[in-house]
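Residue numbers (UniProt numbering): 77 to 305.
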Ligand code: ADP
Ligand code: MG
C-alpha cells in the first residue's frame, strides 16, 4: 500500500544515515569500553566506584548492540542476493551459540526434514533473522532450558521454527513485540523482531509466534521458495 511504501522509503533513508553514523560511533565506543575496562581492573571490589564503572560498561554494550541493529536496518534495502543454502546457514548460526548454550546448560536440538533447501536472498539478512530468534530464545530460557529448531520444506515454502521452553510472552505485551524499540529487557534494544519482520516480509514471507506463559514460545518464519530454483 501507499503507507507501506512511504514507511519503507523513510526506512531506507534512515538506513543510509544509520550506516554512516554507526561507523562514526563504533570507534569511540570501542575506546571508551577499553578504558572503562582498565579502570574496572584497577578499582578494588570494595570501591563504590567499581559499581559505577560496571554500569557504564553495560550501557556502552547496549549502545553497541543498538549500533549493530541500526546497521542491519541499513542493509535491509541493500540488494546483494545469492543462492543461500538454508541448512548450512542455520548450522553456522548455531555454531556461534555453541559455547553460550553449553555455559547455560541448554538442551539444544536441530531437526531438518530436508537438507537441500535453498533461498534466493541476502545472506546477511537471513542470518540476522535466525540470530535474532535464537538470541531471544536464549534470553527467554532459564539455565537448563531447552531450545529446538525445526527446519522443513512444505508446498514450496521453507519453514523455520525456533522453540523454547522459556518464560513465554504475556498477553499484555504480545501486540507490541514487533514494534521498534519495544523491549522488556534491561539491556534490550527492541529492534530484533522489528528488523526480522521487515526482512521476512521483504521476501514475501511470514513471521508469527505461539506462546503460553511459563510454557514457552515458538517463533515461526516462512519463506516462499521462488519458482526459478
Ligand atoms: P529485545 O530482544 O532487544 O528485547 P526484540 O525485538 O528481539 O527486542 O524482542 C522484543 C520483545 O519480545 C522482548 O523484549 C521480549 O519481551 C519479547 N520476546 C521475543 N522473543 C521472545 C521469546 N522467545 N520468549 C519470550 N519473550 C520474547
Ligand atoms: Mg532480541
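Yeah, the Cβ is synthetic: ideal placement off N, Cα and C, and Gly gets one too.
Query, Result
"Extent of the continuous alpha helix (DSSP H) to which residue 275 belongs", "268-278"
"Residue 221 Cβ short of 6 Å to the ligand ADP heavy atom set", "no"
"Whether residue 245 touches residue 206 by CB criterion (7 Å)", "no"
"Residue from 247, 237 and 274 with nearest C-alpha to residue 296", "237"
"Limits of the unbroken alpha helix (DSSP H) element including residue 207", "199-216"
"Contact check, residue 160 vs residue 195, beta carbons under 7 Å", "yes"
"Close-in-space but distant-in-sequence residues of the same chain around residue 163 (CB under 7 Å, 5 per side omitted)", "188, 191, 193 and 227"
"Residues that residue 148 bridges to, as DSSP identifies them", "Beta-bridge pairing links residue 148 to no other residue."
"Three-state secondary structure (DSSP) of residue 137", "helix"
"Contact under 7 Å by Cβ, residue 105 with residue 140", "yes"
"For residue 252, the three-state DSSP class (helix, strand or coil)", "coil"
"Exposure of residue 131, with buried meaning 16 or more beta-carbon neighbours within 10 Å", "exposed"
"Of the residues 128, 284 and 290, the one placed nearest residue 241, counting alpha carbons only", "290"
"Where residue 183 falls, given that 16 or more other Cβ within 10 Å makes a residue buried", "exposed"
"Spatial neighbours of residue 263 in its chain, beta-carbon cut-off 8 Å, leaving aside the 5 residues before and after", "134, 137, 138 and 141"
"Reduced DSSP category for residue 265 - H, G, I as helix; E, B as strand; rest coil", "coil"
"N- and C-terminal bounds of the beta strand (DSSP E) containing residue 176", "Premise fails: residue 176 lies in the alpha helix (DSSP H), 162-179, not in any beta strand (DSSP E)."
"Member of 101, 178, 122 and 147 whose CA lies at the smallest distance from the CA of residue 220", "178"
"Top-ranked residue by Cα proximity to residue 266, from 249, 298 and 279", "249"
"Any non-hydrogen atom of the ligand ADP closer than 6 Å to residue 193 Cβ", "no"
"Whole-angstrom distance between residue 218 and residue 197, CA atom to CA atom", "34 Å"
"Reduced DSSP secondary structure (H/G/I, E/B, other) of residue 60", "Given that the chain is displayed from residue 77 to residue 305, the structure contains no residue 60 and the question cannot be resolved."
"Chain-ordered list of residues that sit, by beta carbon, closer than 5 Å to a heavy atom of the ligand MG", "212 and 268"
"CB contact flag (residue 171, residue 235, <7 Å)", "no"
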